[in-house]
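Notes follow once the structure below has been shown.
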Amino acid sequence: MVTDKGFGRHARERTAAAYGGGSAGRALPGCLGWPERPGHLAGAVRNEENVVAVRAVRGAVQLERDEPGHMDDQVRLLLMAILERNALTADDLISIWFTATPDLHSDFPAAAARGLGMADVPLLCAQELDIEGALPRVVRILAHIESDLPRSEIAHVYLGAAAALRKDIAQ
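Take the sequence shown: its position 116, counted from the start at 1, is 1404 in the numbering used here, and no numbers get skipped.
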């Protein structure tokens, strides 16, 4: 195992050696450039013609108040809008990260996803940075999905006042 904290070419050489690789140009398993192996996820095939593409979908909603029922309703609406606007099903979801502004503490935003039946989708909640002047009571989502859509055609969903967060991509 590599124990020193060096970066750059020498660190890549040590890392490659630790993973059984040779040259410094190789990446870690699962990264671009690592040789394909039978059963390896890179190059996994959905069907005979299409390779699975991993995409990310962003979204946000501003809550009117910090109450569990209201949070559940608003996060469900956001999740359903993301699924509908991108023609996704729960089977297309890889994982979802939720963040909430520090003024939201009545419930976990991920509870709404569990309520929609997303029991086998990995979910993670975190607190958003506490930035002075930031929009209050906001739940943000970063969903990793499998989709054949090009990145430019992914519909990012910002509901209500949260549309002000990303006017460039809000739909």
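All residues carry an ideal CB built from backbone N, CA and C; glycine is no exception. Source: prediction; values computed, not measured.
For this session: On the DSSP bridge assignment, give the partners of residue 1386 in chain order.
Result: By one-based count along the sequence shown, residue 1386 stands at place 98. Residue 1386 is bridged to 1413, 1429.
Exercise. Looking only at C-alpha atoms, which of 1417, 1376, 1388 sits nearest to residue 1406?
Worked result: Counted from its first residue, the sequence shown places residue 1406 at position 118. Closest option to residue 1406, Cα to Cα, is 1376.
Exercise. How is the beta strand (DSSP E) around residue 1344 delimited, first residue to last?
Worked result: Here residue 1344 refers to the residue found at position 56 when the sequence shown is read from its first residue. Looking at the DSSP string, the run of the beta strand (DSSP E) that includes residue 1344 is 1342 to 1350.
Problem set entry | Contact set for residue 1414: own chain, Cβ-Cβ below 6 Å, skip 5 residues either direction | Here residue 1414 is taken as the residue at index 126 of the sequence shown, counted from 1. These residues qualify, in order along the chain: 1387.
Exercise. Near residue 1362, what residues of its chain come up, given a Cβ to Cβ distance below 6 Å and the 5 sequence neighbours on each side ignored?
Worked result: In the sequence shown, counting from the first residue as 1, residue 1362 sits at position 74. 1349, 1351.
Problem set entry | Start-to-end residues for the alpha helix (DSSP H) that takes in residue 1339 | For this step, residue 1339 is matched to residue 51 along the sequence shown. From DSSP, residue 1339 is part of no alpha helix (DSSP H); its letter is neither H nor E.
Problem set entry | Close beta carbons around residue 1424, own chain, < 8 Å, minus the five adjacent residues each side | On the sequence shown, residue 1424 is found 136 positions in, with the first residue counted as 1. So the qualifying residues of the chain are 1350, 1389, 1391.
Problem set entry | Cα-Cα separation between residue 1379 and residue 1399, rounded to whole angstroms | Counting from 1 along the sequence shown, the entry for residue 1379 is found at position 91. Counting from 1 along the sequence shown, the entry for residue 1399 is found at position 111. Going by the C-alpha atoms only, they are around 18 Å apart.
For this session: Using the Cα positions of residue 1394 and residue 1358, report the straight-line distance between them to the nearest angstrom.
Result: Position 106 of the sequence shown holds residue 1394. Position 70 of the sequence shown holds residue 1358. Computed Cα separation, rounded: 10 Å.
Exercise. Going along the chain, which unbroken runs of the alpha helix (DSSP H) with 4 or more residues stay wholly within the region 1351 to 1381?
Worked result: 1356 to 1373
Problem set entry | As assigned by DSSP and simplified to three states, the class of residue 1453 | Taking the first residue of the sequence shown as 1, we reach residue 1453 at position 165. Reduced to three states, the DSSP call for residue 1453 is helix.
Exercise. Would the beta-carbon of residue 1384 fall within 8 Å of that of residue 1429?
Worked result: Here residue 1384 refers to the residue found at position 96 when the sequence shown is read from its first residue. Here residue 1429 refers to the residue found at position 141 when the sequence shown is read from its first residue. Result yes, Cβ atoms of residue 1384 and residue 1429 sit closer than 8 Å.
For this session: May I have the straight-line CA-CA distance separating residue 1373 from residue 1440, to the nearest angstrom?
Result: Along the sequence shown, one-based indexing puts residue 1373 at 85. Along the sequence shown, one-based indexing puts residue 1440 at 152. About 14 Å.
Exercise. Quick one, which of 1366, 1382, 1417 has its alpha-carbon nearest residue 1446's?
Worked result: Translated into positions along the sequence shown, residue 1446 becomes position 158. The residue with the shortest Cα to Cα distance from residue 1446 is 1366.
For this session: State the Cα-Cα distance for the pair residue 1454 and residue 1345, rounded to the nearest angstrom.
Result: On the sequence shown, position 166 is the one that residue 1454 refers to. On the sequence shown, position 57 is the one that residue 1345 refers to. Taking the straight line from one Cα to the other gives about 13 Å.
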